[in-house]
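> Sharing a structure with you now.
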Amino acid sequence: MKRPLLLLTLLLAPVLAGCRYNFVPLIPPAPQIALPTRITQAELRRDGETLRLQVTLDGRLEPGYLQVSWFDSSREIGADSVYLDAETRSATLSLSAPEPGAYRAVLSFGGTVLRQVELYEVKP
Numbered sequence: 069m070k071r072p073l074l075l076l077t078l079l080l081a082p083v084l085a086g087c088r089y090n091f092v093p094l095i096p097p098a099p100q101i102a103l104p105t106r107i108t109q110a111e112l113r114r115d116g117e118t119l120r121l122q123v124t125l126d127g128r129l130e131p132g133y134l135q136v137s138w139f140d141s142s143r144e145i146g147a148d149s150v151y152l153d154a155e156t157r158s159a160t161l162s163l164s165a166p167e168p169g170a171y172r173a174v175l176s177f178g179g180t181v182l183r184q185v186e187l188y189e190v191k192p
């Protein structure tokens, strides 16, 4: 009786020895998040007879032109652009507008419209 039990133990020893904890959990690397270019601050205000638009961009920024199209109600009254890169992420654009109106500035960067800013001094 001792001999079959000893034989069974010797046969099962390699199998039972493999049931030990040998897995080391991997720590995943920190995710690299690259947010698209977006406008974090935009303000359109009147300064005397001039409209001033202050813009700040954030996110992944490929060097390029920030373009603005100026409208009074539905009529386009001007367009302007400024070059931005990684060091220059903010800009101030201006337009001469002596008369009160319902002004809009449509901002685009790299061919994508990012934001529309409005200033209503009269009813549209």
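First residue of the sequence shown: 69, per our numbering; consecutive thereafter.
The C-beta atom is built at its ideal place from N, Cα and C for all residues, glycine as well.
Quick caveat: nothing in here was measured; it's all calculated off a predicted structure.
#1: If you draw a straight line from the C-alpha of Phe139 to the C-alpha of Leu161, how long is it?
#2: Are Ile145 and Val123 touching if we call contact CB-CB under 8 Å?
#3: Hey, Leu163 and Ser149: beta-carbon distance below 8 Å or not?
#4: Using a 10 Å radius around the Cβ and a threshold of 16 neighbouring Cβ atoms, would you call Ala154 buried or exposed?
#5: One question on the structure: do Ala110 and Val185 come within less than 8 Å of each other, judged by their Cβ atoms?
#6: Could you tell me if Leu171 is buried or exposed, where buried requires 16 or more neighbouring beta carbons within 10 angstroms of its beta carbon?
#7: In the structure shown, what three-state DSSP assignment does Arg157 receive?
#8: For Leu79, name the three-state secondary structure that DSSP assigns.
#9: Just to confirm, are Leu112 and Ala159 a CB contact at a threshold of 8 Å?
#10: Starting from the C-beta of Pro72, find all residues in its chain whose C-beta is less than 6 Å away, skip the five residues before and the five after it, and write them out in chain order.
Answer, in terms of the structure:
#1: Their backbone Cα atoms lie some 14 Å apart in a straight line.
#2: No, they are not a contact pair.
#3: Taking 8 Å as the Cβ cut-off, Leu163 and Ser149 do not qualify as a contacting pair.
#4: In summary, Ala154 is exposed, with fewer than 16 beta-carbon neighbours lying within 10 Å of its beta-carbon over all protein chains present.
#5: A contact, by the Cβ cut-off of 8 Å.
#6: The amino acid at residue 171 is misidentified as Leu; the sequence shows Tyr. The residue in question, Tyr171, is buried, as its Cβ has 16 or more Cβ neighbours within 10 Å.
#7: In this structure, DSSP gives Arg157 a state outside helix and strand, which the three-state scheme calls coil.
#8: For Leu79, the three-state secondary structure derived from DSSP is helix.
#9: Not closer than 8 Å, so no.
#10: Closer than 6 Å at Cβ, skipping near neighbours: no residue.
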